């Protein structure tokens, strides 16, 4: 215990002597963890005097390493009092021809403590890396995606960055909306700056999927040109699933028509597809032997799947028409839920009868029968009245 008590005063004296000895410390911060060729960054250099003595005549000399240039390479400070610090900053530019590496800025600081000249140095690392930047573009489907249908998806991966992307793995993330036929993952060795790679996958849309807009998640995993930095990202592509259309157009009813006559026909339009048709319009042609069709354009509006609409149209038959069944052309125009326009041509067959097929006129019309029954009733009335007399 006595020995320890004897040692403690000596330790205290050493500590006081060290604190009394003036010295300068350097610390730094680089604004960017990595700088691309042709880019620049800012360095903050902090000078601190942790001692009990003042420091004077501080001179900072900066020396750039390979591929580096500095906006300033010399600073001068009048001094730092005990316990104080001061920060200086300067920009570092990287040559556009620089290769991936770590280059250094050497900072050498000369200063004076009382009449003694001292010096401290540090090396500031500047990491030169050209980062890749991948984006997906030129997305295309071989045909319109529909429930239960296979489609080929193609797209391009562009490198908009300043460095190569290496060991790229592209993976389609499957879901309950679609599956991938064959490999769902593909590998690309390298995509250089301003270049691209074309990829394709075969998808199958699930039969139970309703028409709508969905997403295709695409996972990208790759490395920089030195293979020292790993990158990963998930991009999303729009998958617009359209339902299928199937229209059935039939002649529901017609009045008897002969050459030169006028009558009505009833057209039935059935949406047998699996999605709604919007802005449905019927354009009815007035070709021979239909001398007149009214109306020629009929606006139906929206027609749900598994629903139908009937429209009555007046037609007049040409006088020189021969008895036969003639096609009355009906063009359907409509849009899907995304505004895509469709057109279909249909025809219904209208029968033109001969005059011989017209119903024969008869005297026993309902009116004539009523008159006859009334006449008989009057005769019977007077007959029975006379018998009573």
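Numbering (the working numbering), first residue to last: 787 to 1175. Glycine is no exception: its CB is placed at the ideal position from the N, C-alpha and C atoms. The model shown is predicted, which means the values in this text are computed figures rather than measured ones.
Are the beta-carbon atoms belonging to residue 809 and residue 844 less than 7 Å from one another? Position 23 of the chain shown holds residue 809. Position 58 of the chain shown holds residue 844. No, Cβ-Cβ distance for residue 809 and residue 844 is not below 7 Å.
Only counting the same chain, and skipping five residues up and downstream in sequence, which positions put a Cβ closer than 6 Å to that of residue 955? As a position in the chain shown, residue 955 is number 169, starting the count at 1. The beta carbon of residue 955 sits closer than 6 Å to those of 973, 1007, all from its chain and outside the five residues before and after it, given in chain order.
Nearest candidate by alpha-carbon position, reference residue 1076, set 1046, 1056, 1059, 1058: Taking the first residue of the chain shown as 1, we reach residue 1076 at position 290. Nearest of 1046, 1056, 1059, 1058 to residue 1076, Cα basis: 1046.
Measure how close the beta-carbons of residue 1098 and residue 1030 come, nearest whole angstrom, since I'm counting them as under 8 Å. For this step, residue 1098 is matched to residue 312 along the chain shown. For this step, residue 1030 is matched to residue 244 along the chain shown. 29 Å between Cβ atoms; not a contact.
Please confirm if the segment 1152 to 1164 is in contact with the segment 1057 to 1072, defined as three or more CB-CB distances below 8 Å between the two stretches. No: the two stretches stay apart, fewer than three of their Cβ pairs being nearer than 8 Å.
When you compare only the Cα positions, how much space is there between residue 929 and residue 957? Walking along the chain shown from the start, residue 929 turns up at place 143. Walking along the chain shown from the start, residue 957 turns up at place 171. Straight through space, the alpha carbons of residue 957 and residue 929 are spaced by roughly 22 Å.
Do residue 854 and residue 878 have their beta-carbon atoms positioned less than 7 Å apart in this structure? Counting from 1 along the chain shown, the entry for residue 878 is found at position 92. Counting from 1 along the chain shown, the entry for residue 854 is found at position 68. The Cβ-Cβ distance between residue 878 and residue 854 falls below 7 Å.
Can you give me the C-alpha to C-alpha distance between residue 1140 and residue 1165, rounded to a whole angstrom? Counted from its first residue, the chain shown places residue 1140 at position 354. Counted from its first residue, the chain shown places residue 1165 at position 379. Taking the straight line joining both Cα atoms gives about 44 Å.
Is the CB-CB distance between residue 919 and residue 943 below 7 Å? On the chain shown, position 133 is the one that residue 919 refers to. On the chain shown, position 157 is the one that residue 943 refers to. Contact: no.
Excluding sequence positions up to five away, which residues of its chain have a Cβ less than 7 Å from the Cβ of residue 889? Working through the chain shown from its first residue, we reach residue 889 at position 103. Closer than 7 Å at the Cβ level, and outside the excluded window around residue 889, lie 851, 852, 853, 854, 912, 914.
From the DSSP output, in three-state form, read off residue 1152 for me. Numbered from 1 along the chain shown, position 366 holds the residue referred to as residue 1152. Reduced to three states, the DSSP call for residue 1152 is helix.
Using the rule of at least 16 other Cβ atoms within 10 Å of the residue's Cβ for burial, across every protein chain shown, is residue 1156 buried or exposed? By one-based count along the chain shown, residue 1156 stands at place 370. Of the other Cβ atoms in all chains shown, fewer than 16 fall within 10 Å of the Cβ of residue 1156; this residue is therefore exposed.
Using 7 Å as the threshold, is the C-beta distance between residue 1021 and residue 959 below it? Stepping through the chain shown from its first residue, residue 1021 is reached at position 235. Stepping through the chain shown from its first residue, residue 959 is reached at position 173. Their beta carbons are not under 7 Å apart, which means residue 1021 does not touch residue 959 by this criterion.
Under the three-state DSSP convention, the category residue 1043 falls into: Along the chain shown, one-based indexing puts residue 1043 at 257. DSSP places residue 1043 in coil when its eight states are reduced to three.
Looking at the strands, I want to know which residues DSSP matches up with residue 896. Your numbering for residue 896 matches position 110 in the chain shown. Answer is 845, 905, bridged to residue 896.
Leaving out the 5 sequence neighbours to the left and right, which residues in its chain are closer than 8 Å to residue 836 when beta-carbon positions are compared? Residue mapping note: residue 836 aligns to position 50 of the chain shown, counting from 1. A distance below 8 Å between beta-carbons, with the five flanking residues on each side excluded, links residue 836 to the following residues of its chain, in chain order: 809, 811, 869.
Count the other C-beta atoms from every protein chain shown that fall within 10 angstroms of the C-beta of residue 1040, then say buried if there are 16 or more, exposed otherwise. Taking the first residue of the chain shown as 1, we reach residue 1040 at position 254. The residue is buried, with at least 16 neighbouring Cβ atoms inside 10 Å.
For a minimum of 3 consecutive residues, which ranges assigned as the beta strand (DSSP E) are wholly contained in the segment 1022 to 1092? Counting only runs of 3 or more, we get 1033 to 1040, 1048 to 1057, 1063 to 1070, 1076 to 1080, 1083 to 1089.
What would DSSP say about residue 1169, mapped onto helix, strand or coil? The residue you call residue 1169 lines up with position 383 of the chain shown. Helix at residue 1169.
Distance CB(residue 1011)-CB(residue 886) smaller than 7 Å: Looking up residue 1011 in the chain shown gives position 225. Looking up residue 886 in the chain shown gives position 100. The Cβ-Cβ distance between residue 1011 and residue 886 falls below 7 Å.
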